[in-house]
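Worksheet for the structure shown next.
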Amino acid sequence: MTKEITITVDGRKVKAAEGLYLLDVLKRNNIYVPSLCHHDQVHPYGVCRICIVEMELNGRRKVMSSCNLKIADGQVFHTTSEKLTKERKILMELMLARSSGAKEVIELAQRLGVEETRFPKEDDGCIMCGLCVKACEQVVGVSAIGFESRGPNRKVSAPFDVEAERCIGCGSCVFICPTNFIKMEDKNHVRKIPLWHVELKMKQCKSCGPDIAPEKQLEYIRNKVKLPENFFDTCLNCRP
Amino acid sequence: MKRQRLNSQESLKKYREALVKARDPNQKVITVCGGTGCIAYGCKKVVEAFKTELEKQGLTDKVKLLVTGCHGFCERGPLVVIRPENLFYQRVKAEDVPEVIEKTVKNGELIERLQYEGKDKKKILKEEDIPFYAKQQRTIFGFNGYVDPKSIDDYIAIGGYSALPKALLEMTSEKIIDEVKKSGLRGRGGGGFLTGAKWEICAAQADQTKYIVCNADEGDPGAYMDRSVLEGNPHSIIEGMLICAKAIGASHAYVYVRNEYPLAVENLGIAIEQARELGLLGKKILGSDVDFDITVNRGGGAFVCGEETALLNSLMGKTGEPHQKPPYPAISGLFGKPTIINNVETWANVPLIISKGSAWFASIGTEKSKGTKIFSLVGKINNTGLVEVPMGMTLREIVYDIGGGILKDKKFKAIQTGGPSGGCLPEEKLDLMVDFDKLTEAGSMMGSGGMIVMDESTCMVDLARYFIDFLKGESCGKCTPCREGLKQMSGILNRICDGNGTEADIETLKDMSETVKDASICALGGTAPNPVLSTIKYFRNEYEAHIRDKKCLAHTCKKLIKFEINQKCTGCTRCVKTCPTTAISGKVKTVHNIDQGKCIQCGVCVDRCPFEAIDVD
Ligand SMILES: Cc1cc2nc3c(=O)[nH]c(=O)nc-3n(C[C@H](O)[C@H](O)[C@H](O)COP(=O)(O)O)c2cc1C
Ligand code: SF4
Ligand code: FES
Ligand code: FES
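Chains as they are written, first to last, in the numbering used here: chain A, 1 to 240; chain B, 241 to 857.
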């Protein structure tokens, strides 16, 4: 049984279940707060910081990210102050400097009123949202990839930046990546994800021929849900 | 010797009495500092020499040799203090030892060359009269000079573990928390949060399992106060945690020690073993219902791992990355359980508060900053080392009275307090008191107690650049403002130092600083802009000189200085021979010339020239 509580957002009372994440509650109530690293399928990682709001605390206002903030009764938030607008814009300028070619970044920047960045532009396709790492860990459950290095050198990477041994080639990271930075290629019955230095053999349908999925992925699924050995010999269409 | 378990207050009392009785207060003790600083100066050889000499002279029964932890005045190491008179010898070498025994120990004669010399050239006899020590109030650190860190008996003999039975057997949890709250103790690790209030929150959690953590990661470059307390008096930390165990209802603690501190790990390990032997760790301690034990973990070394949420992640075997608070560790910390994490120095204060009372503790310091604080005093100052002062002492007293003023009588320029992300305070702030809130108000912070003194030869823009570059490299890189913001700030600062700054840069730096402070996940990003903001606030003219006039007022930014030879040049050709790039030319006995195209502004010619013939502009 979750308790219903009341929080105040920009002067408006909002009712919601205790312990929900603030950003989700805001969305449901049609209160717009921008977000970039948030995705419904993974636990909020809270790193882009675009979703910042101000929370009243001991008579002062504290800037916090909303996507990973669990609400409690009586909390008072502000989502549109001048300070937040300014800081979100600076964050977008920073993102734009890092990933000047990323469509999502450019679009969100424009939405927040940022056309240009004051800083030298680079074109790193990775915006460091961490969704690939989190999806691999939480959705797929294999944790094949992670982060490497510190500070500005941090990047998503296979362990030691050599072949990600645990990768099953499912491509979840590719699908969840908001900027299309992670590339995947299926050719000559081999699936390649160059960023993780992965090349995996595809399994073909015994009956109709085309690739089904990487052998390793099918093995992983088969073991996980205890399917019979020959389950993936044929594709979905050819299965009786 | 196998010791007997102490299973009651009475048995501990008897144990202590027996120790004290067996010790002669007039016993001659040769105290040799065995701290890390003195080890670097060769104190191990001095200790060996004393051992050999005492044996040779047949004095091992009469004279006790005590190897202790750091005394604080490391710069003068190896230090030797002869008690009970407290005769102070500095920079003692193994060769000096036979003479020390022969003259001072046996015959009470002094050896002048080993004594400390005051400003007026007078020799100072006693440890406590040396200006460096005289103004300090060493309530925590003072014990270091009196105990062998490897001996629990030493600690007990000087009154250690006397707060423990009081807390465990006479006080309720509420009473302990109340005392710590009333004492006004605030965390010494950086945040300055009220320790008692934190304990109270943790104690109120319904969870049956709770943890205690000692933060001994100490990543600030140049800081070594926690190291010195752990190395020199590890039992005080253990006792502090034991008291907290009763207060919050925890039965296990982890000490997270920086990997680079092997002696701290060793001494703490021995201390834990000894405490277990005596039953001061284990089950039903002193007959109470408190069970408690301690595990020592060695940290990975990253600066950010000292941040509490990152540290807890690291302890759990995860990546040492911070997360946003809440959840606070006191509510959900190690393995999701309520956890009290405190700094080494914070822990060392706890037994004193319990044994001497909160009123005693609260009588030291300012309205909202109580007790003493240990600082690591370094930079362009005469006396460097670890100093413990009451809160409320002014920076001026620390710099001039304890620190002995600026090296070579140069002009004071700034003091940075609080470690790499502290702010720089100018001359006009020297009368500021050491106080959590006052330092923050002025744009700096208490931090964990770093104090760097700078003279007129330091360029404040270059200094800000240096610290931002450091912090940029230490940022975990998880959140955008800290990772990208510090990178861009570093770019701007480097540009200004190279003479390519623009008018808009100062405002951009200020805007960026606010965003990085507010929007970062943890206090690394949250405090990193301090060096920039404070130098803009107090030394804006230096930024402007770099940007507008392309001048570095301190003459340190290489791209902005020019070396030129003036008419004082005698043509001695010394500079020609030292210049690594053959930029200097000229005939013997005529004024020389520097080829600006070849000059790399290394400045060796200036140092070499005996005639002050080279100008820096
Ligand atoms: C980047 C960073 C590094 C820190 N390093 C340390 C450290 O080395 N030792 C420490 O005690 N606290 C450190 N802290 C502070 C801790 O997060 C935490 O506030 C402290 O351990 C709490 O104990 P206290 O209340 O006794 O100070 C650091 C904080 C930050 C943001
Ligand atoms: S503020 Fe810096 S160190 Fe802290 S979480 Fe963010 S990137 Fe990491
Ligand atoms: S969406 Fe909340 S931090 Fe990125
Ligand atoms: S190590 Fe000897 S005084 Fe610090």
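Don't be surprised by glycine CBs; every beta carbon is placed ideally from N, CA and C.
Predicted model only: the values in this text are computed from it and were never measured.
When we look at the beta-carbon of residue i and count the other beta-carbons within 10 Å, is it buried (16 or more) or exposed?
i	result
Leu-521 of chain B	buried
Arg-780 of chain B	exposed
Phe-381 of chain B	buried
Asp-394 of chain B	buried
Ser-753 of chain B	buried
Asn-917 of chain B	The first residue shown for chain B is 241 and the last is 857, placing residue 917 of chain B beyond what the model contains.
Gly-169 of chain A	buried
Lys-216 of chain A	buried
Val-9 of chain A	buried
Tyr-32 of chain A	exposed
Asp-466 of chain B	buried
Met-95 of chain A	buried
Gln-244 of chain B	exposed
Glu-654 of chain B	Looking at the sequence itself, residue 654 of chain B is Ala, so the reference to Glu does not match. Burial call: buried.
Pro-771 of chain B	buried
In chain B, what lies closer than 7 Å to residue i by C-beta?
i	result
Cys-48 of chain A	Thr-720
Val-63 of chain A	Asp-758 and Ala-759
Pro-159 of chain A	The premise fails here: Pro-159 of chain A is roughly 12 Å from chain B at the closest Cβ pair, so nothing lies under 7 Å.
Arg-118 of chain A	Thr-748
Ile-52 of chain A	Ala-759
Comparing alpha-carbon positions, which option in the options lies nearest residue i?
i	options	result
Glu-561 of chain B	B:Gly-541, B:Lys-577 and B:Thr-579	B:Gly-541
Leu-354 of chain B	B:Glu-335, B:Ile-854 and B:Lys-346	B:Glu-335
Val-42 of chain A	A:Gln-217, A:Cys-177 and A:Asn-30	A:Cys-177
Lys-757 of chain B	B:His-795, B:Cys-812 and B:Ser-661	B:Ser-661
Asn-740 of chain B	B:Leu-773, B:Asp-751, B:Cys-792 and B:Leu-711	B:Cys-792
Val-4 of chain A	A:Val-47, A:Pro-120, A:Leu-20 and A:Arg-12	Checking the displayed sequence, the identity of residue 4 of chain A turns out to be Glu instead of Val. The candidate whose alpha carbon is nearest that of Glu-4 of chain A is A:Leu-20.
Thr-559 of chain B	B:Cys-716, B:Tyr-464 and B:Lys-421	B:Cys-716
Asp-418 of chain B	B:Glu-479, B:Ile-488 and B:Asp-671	B:Ile-488
Ala-785 of chain B	B:Asp-675, B:Thr-549, B:Leu-800 and B:Ile-477	B:Leu-800
Lys-134 of chain A	A:Met-202, A:Ala-144 and A:Thr-79	A:Ala-144
Lys-304 of chain B	B:Arg-263, B:Leu-526, B:Lys-565 and B:Tyr-395	B:Arg-263
Thr-796 of chain B	B:Lys-523, B:Cys-737 and B:Met-631	B:Cys-737
Thr-698 of chain B	B:Gln-656, B:Gly-690 and B:Gly-689	B:Gln-656
Gln-514 of chain B	B:Glu-479, B:Cys-310 and B:Asp-751	B:Glu-479
Glu-339 of chain B	B:Leu-294, B:Ile-392, B:Tyr-386 and B:Lys-577	B:Leu-294
Val-188 of chain B	B:Gly-275, B:Val-495, B:Ala-403 and B:Pro-569	The shown model of chain B, from 241 to 857, leaves out residue 188 of chain B, and the question about it has no answer.
Pro-214 of chain A	A:Lys-226, A:Glu-199, A:Val-139 and A:Pro-34	A:Glu-199
Lys-750 of chain B	B:Pro-769, B:Glu-585 and B:Lys-333	B:Pro-769
Gly-459 of chain B	B:Arg-498, B:Ala-493 and B:Glu-471	B:Arg-498
Residues of chain A with a CB under 9 Å from the CB of residue i: which are they?
i	result
Gln-564 of chain B	Gly-46, Met-64, Ser-65, Asn-68 and Leu-69
Ala-542 of chain B	Arg-150
Lys-712 of chain B	Gly-151 and Pro-152
Could you work out which residues of chain A lie near residue i, taking near to mean beta carbons separated by less than 8 Å?
i	result
Arg-723 of chain B	Met-128, Gly-151, Pro-152 and Arg-154
Could you work out which residues of chain B lie near residue i, taking near to mean beta carbons separated by less than 8 Å?
i	result
Ala-97 of chain A	Glu-724 and Gln-728
Leu-195 of chain A	Residues of chain B passing the Cβ test: none, with the nearest at roughly 18 Å.
Taking Cβ-Cβ distances shorter than 9 Å, what residues in chain B pair up with residue i?
i	result
Glu-219 of chain A	Those within 9 Å of Glu-219 of chain A in chain B number zero; the least Cβ separation is about 28 Å.
Ile-7 of chain A	Those within 9 Å of Ile-7 of chain A in chain B number zero; the least Cβ separation is about 14 Å.
Closer than 8 Å to a non-hydrogen atom of ligand 5 - does that hold for the CB of residue i?
i	result
Arg-98 of chain A	This structure simply doesn't include ligand 5; it includes ligand 1, ligand 2, ligand 3 and ligand 4 instead.
Cβ contact check for the stretch 425–433 of chain B and the stretch 496–508 of chain B: 3 or more pairs under 8 Å: Judged by pairs of C-beta atoms under 8 Å, the stretch 425–433 of chain B does not touch the stretch 496–508 of chain B, as fewer than three such pairs exist.
(request) Spell out a yes or no on whether the stretch 446–460 of chain B and the stretch 356–372 of chain B are touching, meaning 3 or more CB-CB pairs, one atom from each, closer than 8 Å. (result) Cβ pair count under 8 Å is below three, so no.
**Request:** Tell me, please, whether the stretch 671–688 of chain B touches the stretch 478–486 of chain B by the rule of three or more beta-carbon pairs shorter than 8 Å.
**Result:** The stretch 671–688 of chain B vs the stretch 478–486 of chain B: no contact.
* In the stretch 658–698 of chain B, which residue ranges form an unbroken beta strand (DSSP E) of at least 3 residues, counting only runs that do not cross its ends? -> Within the stretch 658–698 of chain B, the complete beta strand (DSSP E) runs of at least 3 residues are 664–666 and 690–695.
Exercise for review: Could you tell me whether the stretch 831–849 of chain B touches the stretch 806–820 of chain B, using the rule of 3 or more Cβ pairs below 8 Å?
Suggested key: When C-beta atoms of the stretch 831–849 of chain B are compared with those of the stretch 806–820 of chain B, three or more pairs fall below 8 Å, so the two segments count as touching.
*Do three or more CB pairs link the stretch 242–252 of chain B to the stretch 280–287 of chain B at distances below 8 Å?*
Contact fails: fewer than three Cβ-Cβ distances are below 8 Å.
Would you call the stretch 67–77 of chain A and the stretch 31–45 of chain A in contact, with 3 or more CB pairs under 8 Å? Yes, the stretch 67–77 of chain A touches the stretch 31–45 of chain A.
Exercise. When the Cβ atoms of the stretch 767–782 of chain B are set against those of the stretch 824–840 of chain B, are three or more pairs found closer than 8 Å?
Worked result: These segments do not touch.
| said: Extract the residue ranges of the alpha helix (DSSP H) inside the stretch 130–156 of chain A, only unbroken runs of 4 or more that lie entirely within it. | reply: Segments of the alpha helix (DSSP H) lying fully in the stretch 130–156 of chain A: 131–134.
- Query: Which whole runs of the beta strand (DSSP E) in the stretch 556–587 of chain B are 3 residues long or more, in chain order?
  - Reply: Secondary structure within the stretch 556–587 of chain B: the beta strand (DSSP E) runs of 3 or more consecutive residues, fully enclosed, are 579–583 (chain order).
Three-pair Cβ contact test at 8 Å for the stretch 718–725 of chain B versus the stretch 83–101 of chain A: Cβ pair count under 8 Å is three or more, so yes.
- Report yes or no: do three or more beta-carbon pairs, one from the stretch 524–531 of chain B and one from the stretch 563–577 of chain B, lie closer than 8 Å? Three or more Cβ pairs closer than 8 Å define a contact, and the stretch 524–531 of chain B falls short of that threshold against the stretch 563–577 of chain B.
Enumerate, from N- to C-terminal direction, the unbroken alpha helix (DSSP H) stretches of 4 or more residues contained entirely within the stretch 483–548 of chain B.
Counting only runs of 4 or more, we get 502–517.
Next on the checklist: Assess contact between the stretch 625–633 of chain B and the stretch 602–610 of chain B, defined as three or more Cβ pairs (one per stretch) separated by less than 8 Å. Is contact present?
Outcome noted: Cβ pair count under 8 Å is three or more, so yes.
Determine contact between the stretch 47–61 of chain A and the stretch 72–86 of chain A, defined as no fewer than three beta-carbon pairs at a distance below 8 Å. Contact holds: three or more Cβ-Cβ distances are below 8 Å.
Which parts of the stretch 385–428 of chain B are runs of the alpha helix (DSSP H), unbroken and 4 residues or longer, counting only runs that do not cross its ends? Runs of the alpha helix (DSSP H) inside the stretch 385–428 of chain B: 392–397 and 413–423.
If you pair each beta-carbon of the stretch 587–597 of chain B with each one of the stretch 403–423 of chain B, do three or more pairs fall below 8 Å? Because the criterion of three Cβ pairs below 8 Å is met, the stretch 587–597 of chain B and the stretch 403–423 of chain B touch.
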